[in-house]
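Comments concern the structure below.
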Amino acid sequence: MTAAEVVTARYGGRMVERLWGLVPYAAALWCLGYGALAVYWASGGAGFPFGAGDPKGMEMGNLLATAEPRTAGVVIAFGCAAGLVAALAGRSPWARWIPHRAAAVVLLVVAAPLLLAIPDVRVLQNMAYGLHGHALVDWPLTNQLLCALGGALLAGTAASLLRDPRCPRCDRTRAEPGTAARWARIGRWATAVAVVAPLPYAVQRAAWNLGIPLGVDQQFVRGLAADMAAKGIGPLVEYSLPLSAVGGALLTLGLSMRWGTVLPGWVPYLGGRRVPVALAVVPATVVTVAVIAAGLVIYRLFIFDGLPITGSGAPGLLWLPWGIGLGLATLAYHRRRRATCSGC
C-alpha cells in the first residue's frame, strides 16, 4: 500500500467511522418514532397500513394482510422497545450492562421481519418501474419502505457491535491471511447465480412485449398490454423492463471482476480510479433486500397458500436464489475490498 493510499484509507476511514457511529442513534430514533406510531394504531388511531388498511395486501401476498391494529400494534411496539434498548447498548448509561453480542442478536431478530417479512413484491415492482419514472406509491408501500429503512439501521447497528478490531495503520478491519482470496472464491460462485437467475424473467418479459405468449396463453398477453395501457405505462417503459434486468445482471459481474474495483482506462476522466466500496455495496444491498422479500412472497404463495405454479410465475421461483446469490456476492465484495492491507 502506497503512502497516498494509507492517507486516503486512514482519513477516509475516519470519516466513514464517524458516520457509522451515528447509525445506532438513528436506529434508536427510528424505534422510538415507529414504536409511538404502533401504540397510536393499537389505541385505535387511523392510518394502520396493514390488514384492512392495505387493500392490495392479500393480492400481493403480504404476510400482514389479515393483521388487526390492536394486536399488531402491540407486537410492533414491543419489538421497537427491544430494538431501542439494544441499539443503545454500550452507548447509554442505562444500557451499558447489556453484552454486545446479546444486543446484536436482539437487533437482528427485530430487523429480520422489517427487512424480509413486511415488504412484499411491490417494493421490487416499484423499483423496476421507478427507474423509468413510473411508480405506484401509496401509504402501505411507503410504510414498507419505512420499515425496510428501520431494519437496515438495526442490522447496521448489529454489525457495528460484532465488527472486528480495526488496523491502526490503515484503519481497515483486521483479517486473517488469505481472507481476500477466500471471499473472492465465494464471490465468483455467488455472482454467477445472481447473474443467471434474473435472465429467465427478462427473456419471458421481452417475449410478452413482442406479443409472444411464452409460458402463457395469448389472452394473458393481451390482458397485460391492456393493463399497462390503463395505468399509463408506455411502450418505452415496457421494453426497458427486461433491459433493466439484463443491465443489472451485467453490473452484478462487477462484484467479482476487476472493473468493479478499478474503473477501466477507457472511462472518461475516471479511468484507472478505484471504485468506492459504498458505490457498489449500497445499491446491491438495497436490491438484495427487495429481491429476497419478493422471492419469499412467491414461495409462501406456492407452498403455504397452495397457489399453482404457472408459466407466468415460474421465473419468480428464481428470485429467492437471485437475492441470496446477490447478497453473498455483495458481502464477498465488501469483505474482499475491506480486507487488511499488506503492510499489516
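Position 192 of the sequence shown, counted from 1, bears residue number 199 in our numbering, the numbering being contiguous throughout. Every residue gets a Cβ at the ideal spot worked out from N, C-alpha and C, and that includes glycine. Since we're looking at a predicted model, the values are computed, not measured.
Q: Within 10 angstroms of the Cβ of Val298, are there 16 or more other Cβ atoms? Answer buried if so, exposed if not.
A: buried
Query raised in the report: Taking three-plus beta-carbon pairs below 8 Å as touching, is the segment 330–337 in contact with the segment 280–300?
Result: yes
**Asked** Taking the DSSP output, what are the residues bridged to Arg281?
**Response** In the DSSP output, where bridge partners are listed per residue, Arg281 has Val269.
Taking the C-alpha atoms as reference points, what is the distance between Val269 and Gly279? Whole-angstrom Cα-Cα distance: 6 Å.
### Message
Going by beta-carbon coordinates alone, are Leu121 and Pro31 separated by less than 8 Å?
### Response
no
When Ala79, Gly28, Ala74 and Cys87 are compared against Trp37, the one with the closest alpha-carbon = Cys87
Nearest-angstrom Cα distance between Asp234 and Arg342? 44 Å
| request: For Val202, count neighbouring C-beta atoms within 10 Å of its own C-beta (all shown protein chains included) and say buried if the count is 16 or more, exposed if not. | output: buried
Give me the Cα-Cα distance between Tyr246 and Asn216, rounded to the nearest whole angstrom. Within the model, the alpha-carbon separation for Tyr246 versus Asn216 is close to 7 Å.
Pairing CB atoms from the segment 255–270 with CB atoms from the segment 299–309, are three or more of them under 8 Å? Not touching, per the Cβ criterion.
Checklist entry - So does the segment 145–160 actually touch the segment 60–74, counting three or more Cβ pairs closer than 8 Å? => result yes
Q) Can you list the alpha helix (DSSP H) stretches of 4 or more residues lying completely in the segment 36–97, in chain order? A) 76–94
Whose C-beta lies closer than 6 Å to the C-beta of Ala165 among residues of the same chain, with five residues either side of it excluded?
Ala111, Leu114 and Leu115
Beta-carbon proximity list for Arg344, same chain, < 6 Å, skipping 5 on both sides: Closer than 6 Å at the Cβ level, and outside the excluded window around Arg344, lie Val284.
Using the beta-carbon count (16 or more within 10 Å), is Gln225 buried or exposed?
exposed
*asked:* Can you find the residues in the same chain that come closer than 7 Å, C-beta to C-beta, to Trp27, ignoring five residues on each side of it along the sequence?
replied: Ser167
- Among Leu303, Pro220, Arg77 and Leu324, which residue has its Cα nearest to the Cα of Asn69? Leu303
| said: Can you list, in chain order, the residues of its chain with a C-beta nearer than 6 Å to that of Leu161? Leave out the 5 residues immediately preceding and following it. | reply: Ala34, Gly90, Leu114, Val117 and Ala118
Discussion item. Could you check whether the Cβ of Ala213 sits closer than 8 Å to any Cβ belonging to chain B?
Written reply: Chain labels in this structure do not include chain B; a single protein chain is all it has.
#### Entry: Same chain only: Cβ atoms within 7 Å of Ala321, ignoring 5 sequence neighbours per side
Answer for Ala321: Gly222, listed in chain order.
**Message:** Measuring only the C-alpha atoms, how far is Arg281 from Gly230?
**Reply:** 47 Å
Alpha helix (DSSP H) segment containing Ser319, residue limits: Counting along the chain, Ser319 falls outside any alpha helix (DSSP H), and DSSP gives it neither H nor E.
**Prompt:** With 16 as the cutoff for other CB atoms within 10 Å, does Phe57 come out buried or exposed?
**Reply:** buried
Reducing DSSP to helix, strand and coil, say where Phe227 ends up.
helix
Sequence-distant residues of the same chain with beta carbon closer than 7 Å to Arg212, five excluded per side:
If we look at Arg212 and ignore the five residues flanking it on each side, its Cβ neighbours are Leu248 and Pro249.
Exercise for the section: Return the Cβ separation of Trp329 and Ala204 in integer angstroms, given the expectation that the two are a contact with Cβ distance under 8 Å. Expected result: Their Cβ separation, rounded to whole angstroms, is 3 Å, which keeps Trp329 and Ala204 in contact under 8 Å.
**Asked** With distances taken from CA atoms, which of Pro315, Ala300, Gly318 and Leu314 is nearest Leu327?
**Response** Ala300
_Three-way DSSP call (helix, strand, coil) for Leu217 in this model_ = coil
Inspect the beta-carbon positions of Thr198 and Thr259 and report whether they are closer than 8 Å.
yes
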